[in-house]
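The structure appears right after this line, and notes come after that.
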Amino acid sequence: LIGDFDELLSKPHYSSIEKIKTIGATYMAASGLNTSQCQDNNHPHGHLQTLFEFAKEMMRVVDDFNNNMLWFNFKLRIGFNHGPLTAGVIGTTKLLYDIWGDTVNIASRMDTTGVECRIQVSEESYRILSKMGYDFDYRGTVNVKGKGQMKTYLYPKCMDNGIVP
550 LIGDFDELLS KPHYSSIEKI KTIGATYMAA SGLNTSQCQD NNHPHGHLQT
600 LFEFAKEMMR VVDDFNNNML WFNFKLRIGF NHGPLTAGVI GTTKLLYDIW
650 GDTVNIASRM DTTGVECRIQ VSEESYRILS KMGYDFDYRG TVNVKGKGQM
700 KTYLYPKCMD NGIVP
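Under the working numbering, residue 714 is the last one in the sequence shown; the count climbs by one each step, no gaps.
Next up, the structure:
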């Protein structure tokens with residue numbers, strides 16, 4: 550599956566997304582790190598839409614994997630946030646590119662407190678993504694380590710009968 554996610558990133562549409570790292574079952578990716586790419590886009594938050602589409606595509610990849618492999622029923626849980634962060638290379642002999650900050654920590658908490666088969670987003674990300682036409686369910690507040698109670702939203706929105714599409 551990690552290779553399938555990496556393959557997605559090779560598509561031209563996702564060229565603005567950087568894979569940061571994988572840690573265990575966590576796949577960390579970010580967009581908007583190259584400010585010149587953000588300036589080329591017509592919308593100041595266009596890179597967020599691209600990253601959100603990538604997250605949706607990851608869910609489709611897992612569904613396809615489960616449908617094509619017997620005895621597998623992997624579930625994907627995605628955390629999404631946006632905002633300022635610090636990025637850089639650390640190390641002296643084994644160099645590593647990484648990102649840090651509240652934005653990254655909240656995205657991680659959106660994942661760990663998330664719901665299987667859904668993308669959980671922070672209220673700030675919800676405000677931007679909902680204006681782009683994405684429909685969300687309001688989840689309520691979740692306790693986020695170091696932040697307290699935070700309002701979160703889930704995608705995809707449930708159908709009227711309560712089923713997640």
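Built from N, CA and C at the ideal position, the CB exists for glycine as well.
Residue i - DSSP class collapsed to helix/strand/coil
| i | result |
| --- | --- |
| F623 | coil |
| H574 | Residue 574 is actually Ala in this sequence, not His. The answer is coil: DSSP assigns A574 none of H, G, I, E or B. |
| R688 | strand |
| S559 | coil |
| K568 | strand |
| V664 | coil |
| G595 | helix |
| G682 | coil |
| G695 | coil |
| K706 | coil |
| M607 | helix |
| L600 | helix |
| G640 | coil |
| M618 | coil |
Residue i - partner residues in DSSP beta bridges
| i | result |
| --- | --- |
| T701 | S671 and G689 |
| T635 | W649 |
| A579 | E567 |
| F629 | V670 |
Chain-order list of residues whose beta-carbon lies under 8 angstroms from that of residue i (same chain, five-residue window excluded)
| i | result |
| --- | --- |
| C666 | M608, K624, L625, R626 and V713 |
| F614 | L550, D553, F621 and F623 |
| Q698 | T690, V691 and N692 |
Other residues of its chain near residue i: CB distance less than 7 angstroms, five sequence neighbours each side excluded
| i | result |
| --- | --- |
| W649 | L634 and T635 |
| F554 | Y576, M607 and V610 |
| G663 | R626, I627, G628 and Q669 |
| H594 | I677 |
| L679 | Contrary to the premise, residue 679 reads as Ser rather than Leu in this sequence. Hits under 7 angstroms: F685. |
Proximity of residue i and residue j at Cβ, strictly below 7 angstroms
| i | j | result |
| --- | --- | --- |
| I551 | T571 | yes |
| D660 | G689 | no |
| K706 | D686 | yes |
| Y704 | I655 | no |
| E600 | I639 | Checking the sequence shown, residue 600 turns out to be Leu, not Glu. No. |
| K568 | L558 | yes |
| F603 | Y646 | no |
Spatial neighbours of residue i in its chain, beta-carbon cut-off 6 angstroms, leaving aside the 5 residues before and after
| i | result |
| --- | --- |
| V670 | F629 and Y702 |
| G632 | T652 |
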